[in-house]
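Residue 173, in our numbering, is where the sequence shown stops; the numbers in between run on with no holes.
Since the structure comes first, as structure tokens, the remarks are kept for the end.
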Amino acid sequence: MTGKEIDKYIELYKNGDQEAFSVIYHETYQNVYYTIYLLTKNKTLIDDYVQDTYLKVIKNINAYKIGTNFKAWISRVAHNLTINALLVQSKEIPVELSPQTEHIFGPAVEPDTKIDKALDNLTGLEKEVFIHLIIEGLTVKETAEIMNVNINRIYYLKKQMEETLKVIFQD
3 MTGKEIDKYI
13 ELYKNGDQEA
23 FSVIYHETYQ
33 NVYYTIYLLT
43 KNKTLIDDYV
53 QDTYLKVIKN
63 INAYKIGTNF
73 KAWISRVAHN
83 LTINALLVQS
93 KEIPVELSPQ
103 TEHIFGPAVE
113 PDTKIDKALD
123 NLTGLEKEVF
133 IHLIIEGLTV
143 KETAEIMNVN
153 INRIYYLKKQ
163 MEETLKVIFQ
173 D
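Below, the structure written as structure tokens:
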């Protein structure tokens, strides 16, 4: 679905069509999920943060400017929400899950694929570039605008990311 089509559903939702949100959710879920996945790799947290992201989007839908890239906007909401939540969580006292309670909270998603290994070797900015360029399919220019950095910085990060991934996938 194109950005213009998503914008039409956003307008419908803003005008009271609750079913339009189902379409918006369906069209953006994968972007939101992978944005959060790359930051947490914890299934329980991912599900919680996805839900929190959509609640925040519903509450702040009027902050989205029609005609810009909604998928990029919602991914930024997911990214910021996740980072903020992880910062709060890092200040909390860690509690280890026992095998008896793990079924309640869910196990951490173990990185067991070559892609996970590769992503673990990227810097935070390179991961963010990966999300925008590869997962969301944004252009370098759109990525630079979202990350609020010079376009040449994105080209540099993209090159670094590609070199890192090339080395990992050659093994």
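Every residue gets a Cβ at the ideal spot worked out from N, C-alpha and C, and that includes glycine.
As the structure is a computational prediction, the values presented were derived from the model and not from experiment.
For L124, there is no enclosing alpha helix (DSSP H), as DSSP gives it neither H nor E. Looking at the DSSP output, I68 sits in a beta bridge with T70. Judged by DSSP in its simplified three-state form, N44 adopts strand.
By the Cβ neighbour-count rule, V79 is buried, with 16 or more other Cβ atoms within 10 Å of its own. In chain order, L121, K129 and I133 place their CB closer than 7 Å to the CB of L40, counting only its own chain and leaving out the 5 sequence neighbours on each side.
Within the same chain, Cβ atoms closer than 8 Å to the Cβ of N64 are found at K16, the five residues on either side in sequence being excluded. Excluding five sequence positions before and after V34, the CB atoms of its chain that fall closer than 7 Å to its own CB belong to V52, T55, I76, S77 and A80, given in chain order. Of all C-beta pairs linking the region 5-14 to the region 44-51, fewer than three are shorter than 8 Å, placing the two stretches out of contact.
Inclusion of V169 and I156 in the CB contact set at 8 Å is not warranted, their separation being larger than that value. In the DSSP annotation of this structure, E138 is not part of any alpha helix (DSSP H), being labelled neither H nor E. DSSP places N17 outside any alpha helix (DSSP H), giving it a letter other than H or E.
Distances from the CA of V131 to each of E21, M163, D19 and N123 were compared; the closest alpha carbon is that of M163. Per DSSP, the unbroken alpha helix (DSSP H) holding T166 starts and ends at I153 to Q172. Taking C-beta separations shorter than 7 Å and ignoring five residues to either side along the sequence, the partners of M3 in its chain run E29, following chain order. A Cβ-Cβ distance of about 6 Å is found for the pair N71 and E144, placing them in contact under the 8 Å criterion.
The Cβ neighbour count for E138, taken over all protein chains shown within 10 Å, is at least 16; the residue is labelled buried. A74 is not a Cβ neighbour of L127, given a cutoff of 8 Å.
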